[in-house]
Structures are given as C-alpha cells and as structure tokens.
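Beneath this line is the structure, given in structure tokens, with notes to follow.
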Amino acid sequence: MLEPYVRPGIDDRPDLDKALSPEDKAAVARLAIKDRRRPPEPSADQPEAQAVRLASSATSAAVAAAASVDAPAPDMSSAYLDMRDPMVAANGEKPDARRVSRLNWGFFVASMLVGAPWVALNSIAVPNMAARMMGYDTSAPTAITLNPATGRPLPVATDLAMPLAVLVVVGVVAAMFSMPLVSALSDRTRVPFGRRTPWMIAGGLLCALNTLILGQDTSIVVMGIFWAVMQFAYAMLSVPLASAISERVPDKFRPRIERWHGIGVMLAQAIGLCLGAFGVMFGSDSAFTTLAVIFALSGILTVLILPKEPSSTEQPHVRMDGAAVLGQLKFPAHAPAFARAFAARTLMMAGVGMTGVFLWYLVRFWVYGKAVRFTSAPLTIPAGFLIMAMAVATLVGAALASWAAGPISEKIEEKGIATATVVGASCVLYALGLALAWGLGVWSTGTARENGMIAFALISGFAFGLYDALGLELVMDSLPDPRTAGHDLGVYALANSAGLALAAIVGAILVNAFASSFGYYLLFPAGIVLVLLAGTVTLVSANAAE
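Numbering (the numbering used here), first residue to last: 713 to 1258.
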C-alpha cells in the first residue's frame, strides 16, 4: 500500500502544542514579543476636540473657527510633526474623496441639528416656560402691573429674574460635571458601532424626552431637576460629536471641515432664536414638541450622514476612576497668563450674558412692556418678530467679523500693532452697542426702541466675532505647556459657563434690588462695565506678558 507523500519541512513538522513541555512553553512565552495595544488618547487631552467644544459653546465663538485666522491649537500628536501620513485620521482611517465630503457635510449638518434646538431652549423656550410656571401669561396683550411713570411691568422683573437665574446656575453646575463624565465614559465604550455613535443617538433621544417633560406645566422645582438632567443628555450628544471631529478627520482636511462646522454653529444660533421665537408666538407647547423632534433626529441623522464609525471592540480596557473625570476640571498651576486669559473670558461672557440670559424678558417686558403696536393680539407676536430680526442681525455681524478677521489679522501683523489692542477695541465696540440699545430704549419711544435692539444685535455680533477670532491667538499663547494643551483648553472653555452664571446672578440681583425704579434698565450698564473690564484685563495681560 502506497504511503502518502510527506512534504519535507511541512508535513513532518511536529505539533508544538504536543511536542513542547509546559516548561518549554513558558520559556518561549518569556522570549515572545507581547503586542500590547495602546489605548487611544482620551478626548479630554485632544487639543482639536477641545477647540471644537470651545467654538460650539458660545454665542459667536464659532467665528473663530469659521474665520481664516491662523491660530491653531498646539497639537503635539499632529501628523505634520513627524513622518505620518496627514491623510490618515487619528483612529487609523484613510478616507477617500467621497468619505471626506460626507465628513464635511455631516459635521456641518450636525452642528445645526444639535445647536439650533439647544439655543432655542436656552434663549426663549425655557425662560418663557419659567414665566408661565410663575403664574404670568407672556402672551397677554397688556402688562400685569404697570409702573405709572414708565408704563413697564417692573414687578414682573422682580418675580421672574431670580427663578431664571437659578435655572441658569443649576444648568451650569450640572454641565460642568456632565461633560467630563460623558467624555470619560464615551472614551471607554467598546461596541461594534464605535465608541461615539451610541452616545450621539442615545443623547439625541434623551434630549427629546427631557424637552417634552420641560414643556409640561409642572413647577419650577421639577423644571430645575429635569433641566439638570438635560445638561447630561446634551453632553451625551455634543461631547462625542466634538471628539469625533478630532478623531475621524485627517490633519489634511481638518481646517476646511472645522471651518464649515463653525459656519454651521453660527447658522444654528440664528435658526435656534427664530425657532424659539416662532414657537412662543403661536403657543409654547408646540415649540417644545418641535424642538423634541429635532433633538431626536439630530443624533440619528448625524450618524446616517457621516461614514460608519469603526468598531471599538478591540480597544483595550481602561479602568474608570475619579481622576479621569475630576482631572478635567483641574486648573493649571503656575500659569498666570492663562489665569488672566480665563478671567478676561469670564468677564466678557458675563457682559454678553447680561443681555443674552435675559434676552426674552428684555424684549417681552422691557421693549414691549405695554401694547406698542398691537392692542388685542398677543404681545409675543411683536416680541417674536423682534427676536428673529435680532437673530438675523447677529448672524450678519458675525459673518462680517468672520470675513474681516483674516485681513485685520494680517494688517495688524504688518503694522506691528499688538493683537491685544484690537481685541480690547472690540470690547469697546461691544460696549458702544450696549450703550446704543440702552439709550434708545430709555429716551426714545416707538420703533426707535426696536431699532436700537436690532442695531445692538448687529454691532454685538461683529464685535464679539472679532473678539473671539483675534483673541484666540492670545489664548493659544497663554497656554502654559503645549503637551497639556487639550486639558488646558477644556478648562478655558469653562469660562463660558462661569461667565453666564455670573451674569445670571448679578443680573437677577440688580433687577430685584432696583425693581421699583429701574427694572431691566441696569442690565445694559452692568454689561458695559463687565465688557470694558474684560478689555482692560486683556490689555493688562498682554503688557504683563511683554
């Protein structure tokens, strides 16, 4: 009987699992190279991710991303610093032209879907619902209690300013801890759909559910509880989105995609104000339903438009601890320049928030404290139209700032003018816009008051846009260590929230303390003082650095 042919070196090789003893296997294992996969960089340490969060967290901060000002975040992991391919993203993907286009349009659409309902909630829907829960009908054709001297409902200011301030502070504190928590949890997500995709979908659906609850007639206490939950839900949607831009976009295409993302955030601001104003004009219940639908679709549509995210199941397991969350809130030590930049940003956001936080109350109870045009129609109709006009004016101003920031940056570099000087001048311009709205509102009547608010929106959009676009260079120069730029930019972004909380507290105190004689009037001069202080701190910081 013929024996099968045995191939030398192939068929006659011994089975090592059977031929080797346990001692031999242990010896071989000691000599073998162990391929330990390194865990990906945490999103809190990614400078580009934190820069995107910074651009998405303020009213006109997206101008800095949309403008052509060369002030990138110092990213020590950039492909341009070594021999890696800049066409390959941080997660290892190398997208072709079609996938790059999907990334570009996906993040552009996502910025509007995520940002617009959030702006509508913060600026119009929640303040209006808080007024309803306090027993006031903001659509009433006449004021509730009028000051005989001015004809304005000053007791309304006393009753409504403080509850709104409490809601703002509750939201700021909840967001301060929600964002680091979601960032750490999404970094450690290991599922076949990718580590960011499940969070965006679930975050959108949870935002929709909370929006529907916020639209119910409950109480201020219940509203405050669900407003805190809403901060966590929105963090589930926004934080993974910012991280995805940093991880999925190659360095080669990042400036273009971040610019379009910034344009989307600018458009979201205007669209959100228009959505909120239109909703309260014809019933706040429908406004919350519309915003809930947009939130529910935001995460789903974003995932469908973007290319499929790679699986994260092979990602190494990283233990979760408190340092991964609380460490993101640690202020950098021995960094006086950074501390001054943080203080300037806080003061600037407080000045902006004086009118931004109380925008709906300013328009409804200050500009339209009594029936100016309509005698029988709800006063929310003219107030809503004015809000929409201000939204368009702010967008135009921000777009002009985005267009002019690049040439201005080049010109001041040629002339040897300090960037801090131009940033300080933008603060003065913003203060002039506040003074214009204040003056026309106090000493004028009729349409002059409305035109003053629209002019203020145009000027403030341009001034704040320049402040962000040109001030970004000062922020990058103030970072104490390029190796910790991601962490430090994340801490710097907290100045936006701190400024809004300061504006809410100071504004509510002023409105309540001087309700019998001034009411909402003092919000404008208080904003002027804070904005000028921000410019002063910026100039002092620049002189100290020299």
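Note that the Cβ used here is the ideal one computed from N, Cα and C, for glycine as well.
Consult DSSP for residue i and reduce its assignment to one of helix, strand or coil.
i       : result
Thr1232 : In the sequence under discussion, the amino acid at residue 1232 is Tyr, which differs from the Thr named in the question. It is helical.
Lys1020 : coil
Gly916  : helix
Pro1048 : helix
Leu866  : Confidence is the limiting factor: at Leu866 the pLDDT is only 44, short of 50, which leaves the residue's position unreliable and the question unanswerable from this model.
Gly1151 : helix
Asp757  : helix
Met1032 : coil
Phe1086 : Confidence in Phe1086 is poor, its pLDDT being 43 and thus under 50, which makes the residue's placement too unreliable to answer from.
Ile1093 : helix
Ile969  : helix
Tyr1142 : helix
Phe1226 : coil
Val1243 : helix
Met1060 : helix
Glu1125 : helix
Asp736  : helix
Tyr717  : coil
Ala1105 : helix
Glu805  : coil
Gln1027 : coil
Asp729  : helix
Tyr1073 : helix
Phe819  : helix
Val1249 : helix
Ile722  : coil
At the level of alpha carbons, what is the spacing between residue i and residue j?
i       : j       : result
Val1005 : Asn816  : 24 Å
Ala877  : Ala914  : 29 Å
Leu949  : Ile975  : 19 Å
Gly1239 : Tyr1232 : 12 Å
Pro1073 : Glu1021 : In the sequence as displayed, the identity of residue 1073 is Tyr instead of Pro. Looking at the two C-alpha atoms, the distance is approximately 43 Å.
Leu1178 : Leu1214 : 23 Å
Leu1206 : Leu1251 : 21 Å
Leu1186 : Phe1007 : 35 Å
Ile1017 : Arg907  : 17 Å
Pro967  : Val1030 : 31 Å
Ala738  : Cys919  : 54 Å
Met824  : Leu743  : 55 Å
Val1079 : Leu987  : 20 Å
Thr930  : Met1066 : 27 Å
Ala1101 : Ile1166 : 7 Å
Val838  : Leu926  : 8 Å
Ala1197 : Asp757  : 7 Å
Asn834  : Ile983  : 13 Å
When the distance is taken between beta carbons, is residue j closer than 7 Å to residue i?
i       : j       : result
Gly1063 : Leu1242 : yes
Ala1220 : Met874  : yes
Ser890  : Phe944  : yes
Ala1110 : Gly1039 : no
Pro798  : Asp963  : yes
Phe1236 : Leu1146 : yes
Asn922  : Met935  : no
Ala980  : Ser1190 : no
_Any alpha helix (DSSP H) of 4 or more consecutive residues that is wholly inside the stretch 1169 to 1218_ = none
Notebook entry, point to check: Which whole runs of the alpha helix (DSSP H) in the stretch 973 to 1013 are 4 residues long or more, in chain order?
Noted result: DSSP assignment within the stretch 973 to 1013 yields no whole alpha helix (DSSP H) run of 4 residues or more.
Quick check on the DSSP output: what are the complete alpha helix (DSSP H) runs of length 4 or more inside the stretch 872 to 959, in order along the chain? For secondary structure counted as the alpha helix (DSSP H) over 4 or more consecutive residues, the stretch 872 to 959 holds these complete runs in sequence order: 909 to 926.
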